[in-house]
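Note sheet for the following structure.
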Amino acid sequence: MHTVVMVLLLIVSLALVVLVLLQSSNSAGLSGAISGGAEQLFGKQKARGMDLILHRITVVLSILFFVLALAIAKI
Numbered sequence: 124m125h126t127v128v129m130v131l132l133l134i135v136s137l138a139l140v141v142l143v144l145l146q147s148s149n150s151a152g153l154s155g156a157i158s159g160g161a162e163q164l165f166g167k168q169k170a171r172g173m174d175l176i177l178h179r180i181t182v183v184l185s186i187l188f189f190v191l192a193l194a195i196a197k198i
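So the sequence shown is residues 124 to 198, counted in my numbering.
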């Protein structure tokens, strides 16, 4: 059981890294990071099409990553 969960965690973590690298950046530099967070906070959603799909898959994989990591700690 432990080996199966470890293999799943490895696959999920590699997929998560690939998906994060595939996503396009929203803005450049430190000033973009500050204003980009404010735009996202107030509901401006510019993600369409493939960016939206990648974002949703990334969220699902990150939740799965944490669940698997907690499962390994529990085993």
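Note that the Cβ used here is the ideal one computed from N, Cα and C, for glycine as well. All figures in this text were calculated on a predicted structure; none of them were measured in a lab.
Open item on the list: Only counting the same chain, and skipping five residues up and downstream in sequence, which positions put a Cβ closer than 7 Å to that of Leu133?
Closed with: Nothing listed; no residue qualifies.
Open item on the list: What does the Cβ neighbour count give for Val135, buried or exposed, with the cut at 16 atoms within 10 Å?
Closed with: Classified as buried, Val135 has 16 or more neighbouring CB atoms from the shown chains inside 10 Å of its CB.
Open item on the list: Looking only at its chain, what residues have a beta carbon closer than 8 Å to the beta carbon of Ala192, apart from the 5 residues adjacent to it on each side?
Closed with: Taken in chain order, the residues that qualify are Leu132.
Open item on the list: Let me make sure I understand the geometry here. Which of Ala138, Met129, Leu145 and Ile198 has the alpha-carbon closest to that of Val183?
Closed with: For Val183, the nearest C-alpha among the options comes from Ala138.
Open item on the list: Measuring straight from C-alpha to C-alpha, what distance separates Ala194 and Val140?
Closed with: The alpha-carbon atoms of Ala194 and Val140 are separated by roughly 20 Å.
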